[in-house]
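These notes concern the structure reproduced below.
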Amino acid sequence: MNETIRVMLVDDHPIVRDGLRTMLIAQEWMDVVGEATDGASALQMAAELRPDVVLMDIGLPDMNGLETTRQMLGQRSATRVLILTVYENQEYVLRAARLGASGYLVKNVSSHDLSEAIRRIHGGELVFPPNVLALIETQTHDQTHDQTHDPAPSEDGTRELSRRQREVLSLIAEGLSSVEIADRLSLSQRTVETHRRHIGHRLQIHTVAGLTKYAIAAGLTRLD
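Using our numbering, the first residue of the sequence shown is number 10, and each one after it goes up by one.
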């Protein structure tokens, strides 16, 4: 392979970045041009370095890797993103695909398969499990039903919600009860319950699981 693929790493664990860097630069057709530890620095670095492929973790300290991917591809469409994570969750795989990622791999992947995935993605291919690609195609034809049952965040994350409602939603996603949220935010329990009702009404999501998925996709909480 004559062309060098310029790769950027986004992961908040130094040992993971060290291992990936060592593995990738062993391939003479790959170069690691930058490393970021959080979403904000990743966005800035991608804009400056213009990498060909970004290896993106999901569990980042500020905004999660899915939201970082959405913003990165919005500002730099030529860059391709490969999600590399510990999460083997089909919902995350599907959301990554919808947000424009070119592939999704878990971190137990072999060095050969990771290198091959980077090469394929750089060449314009998608690297997702066949069943996920089939689901993506099916859900493209059923977008109205999907949006009704699992609304996606608005373009800027949670435009529909007030600052206080975003705070409450973030704490719901962290698993806190109304009593615990009230204590954390110095509010009455009744006020928290009112916020919860308004959040559910505005987003048309009425389960904790649904609100948690929404908060994760909107970057209001990280995946731990």
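Where is the CB? At the ideal position from N, CA and C, for every residue including glycine.
Through-space distance from residue j to residue i, alpha-carbon basis
i, j, result
"E97", "L123", "16 Å"
"V236", "Q174", "The shown model of the chain, from 10 to 233, leaves out residue 236, and the question about it has no answer."
"R79", "L69", "14 Å"
"R107", "V19", "20 Å"
"E164", "H121", "Any reading at E164 is ruled out, since the residue's pLDDT is 42, under 50, leaving its predicted position unreliable."
"D27", "E134", "27 Å"
"E12", "E57", "20 Å"
"H22", "R193", "29 Å"
Cβ separation of residue i and residue j, assumed to be a contact under 8 Å, to the nearest whole Å
i, j, result
"G109", "L91", "Rounded, the Cβ-Cβ distance is 12 Å, inconsistent with contact."
"L170", "L180", "Rounded, the Cβ-Cβ distance is 13 Å, inconsistent with contact."
"I225", "N73", "6 Å"
"V95", "V115", "6 Å"
"A227", "E76", "7 Å"
Neighbourhood of residue i by C-beta, 7 Å cutoff - its chain only, sequence neighbours within 5 removed
i, result
"A55", "M17, V63, M81, R85 and T88"
"R129", "V136"
Cβ shell of residue i (< 8 Å), same chain only, five flanking positions each side left out
i, result
"A191", "S197, Q198, T200 and V201"
"I14", "W38, M39, D40, D61, V62, I127, R128 and H131"
Coarse secondary structure for residue i, derived from DSSP in three states
i, result
"N93", "One detail in the question is off: residue 93 reads as Leu in this sequence, not Asn. Strand."
"M81", "helix"
"L196", "coil"
"G219", "helix"
"E189", "helix"
First and last residue of the uninterrupted alpha helix (DSSP H) at residue i
i, result
"R59", "Looking at the DSSP string, R59 is not in any alpha helix (DSSP H), and its letter there is neither H nor E."
Beta strand (DSSP E) segment containing residue i, residue limits
i, result
"D40", "M39 to A45"
"G112", "G112 to V115"
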